[in-house]
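Per my numbering, residue 7 is the first one in the sequence shown, and the count goes up by one each step.
A virtual CB, placed ideally from N, CA and C, is assigned to each residue, including glycine.
Predicted model only: the values in this text are computed from it and were never measured.
Before any comments, here is the structure.
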Amino acid sequence: MKENVIIAKLLHADVYENWTDVSGVMIADPKLVPDTRRVTEITYDELRELSYMGAGVLHEETIFPVKDADIPIKILNTYAPEDGGTLICAHCKDNTQLITGITGKKGYASITVVKRNYVQKIKVLQEILSILRKYRINVEHIPTGIDSISIIIEKESARHDIAEVLEEIRGLDSVVSVNYDDDIALLGIVGRNMVGYRGVAGAIFNALAENSVNVKVMAQGSSELSIVIGVVNADFERSIRAVYRKLIK
7 MKENVIIAKL
17 LHADVYENWT
27 DVSGVMIADP
37 KLVPDTRRVT
47 EITYDELREL
57 SYMGAGVLHE
67 ETIFPVKDAD
77 IPIKILNTYA
87 PEDGGTLICA
97 HCKDNTQLIT
107 GITGKKGYAS
117 ITVVKRNYVQ
127 KIKVLQEILS
137 ILRKYRINVE
147 HIPTGIDSIS
157 IIIEKESARH
167 DIAEVLEEIR
177 GLDSVVSVNY
187 DDDIALLGIV
197 GRNMVGYRGV
207 AGAIFNALAE
217 NSVNVKVMAQ
227 GSSELSIVIG
237 VVNADFERSI
247 RAVYRKLIK
């Protein structure tokens, strides 16, 4: 595919059509939500968020030549061309689609640190990140409180070094306590039209509460393009279905 998108860029194509065996980008994994709906339009930024959170969509590195040239991509089904597919572009005309993707992955962990109340949060965060960098552990999210910092990481990335990492963090003078939780799955709810729309986060929490799912972590990007929710791994599939049923009309 990469060679094809390069050719499309060189030819200054109006659109790049990617014919495959699926009818476009689905809001949720059909294996988890069999009746999931297809998204008609999605932005490159949304695609990036979904890909990052584990959705089986086109990877940004594969399509960046046409993205940089502002050439839309149309995903179409070879076996069902009448389905219409999904258009991927920089700016979508359809503003009626509140949610464009509900996805996620299992296998995360959190390192929650309580700092001494007279120490600046930025100082503690710098010290912790320095330790994680030393062990080459990537950080996924950093939810914070007044005196607490939670570092979300992929569990597998720290599998061999987590004992040493926790020992070094506990040894910091600025730290009061450290808690490690290795039973976290992350849900990503993505949608360009969530900006300014009231009640989305509330609806997500209601959906999870109605299905007896406890929320461990919550983070939202400054652009309001995505909301990330952490639950226990055992509740992952149930959470995806619950949020889909609540948000998708």
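A check of alpha carbon separations from residue 165 across 138, 131, 109 identifies 138 as the nearest. Just so you know, the alpha carbons of residue 216 and residue 249 end up roughly 10 Å apart.
Spatial neighbours of residue 61 in its own chain (CB-CB distance under 7 Å, excluding positions within 5 residues in sequence) are listed in chain order as 107, 109. A distance below 8 Å separates the beta carbons of residue 243 and residue 38.
In its chain, beyond the 5 residues on either side, 233 have a beta carbon closer than 7 Å to the beta carbon of residue 207. Secondary structure of residue 214 (DSSP, three-state): helix.
The criterion of a C-beta distance shorter than 8 Å is not satisfied by residue 92 and residue 54. Distance from the CA atom of residue 42 to the CA atom of residue 32, rounded to whole angstroms, is 7 Å. According to the DSSP secondary-structure assignment, residue 32 is paired through a beta bridge with 44. For residue 159, the secondary structure class from DSSP, reduced to helix, strand or coil, is strand. Taking a contact as a CB-CB distance under 8 Å, the pair residue 118 and residue 154 counts as one, their CB atoms being some 6 Å apart.
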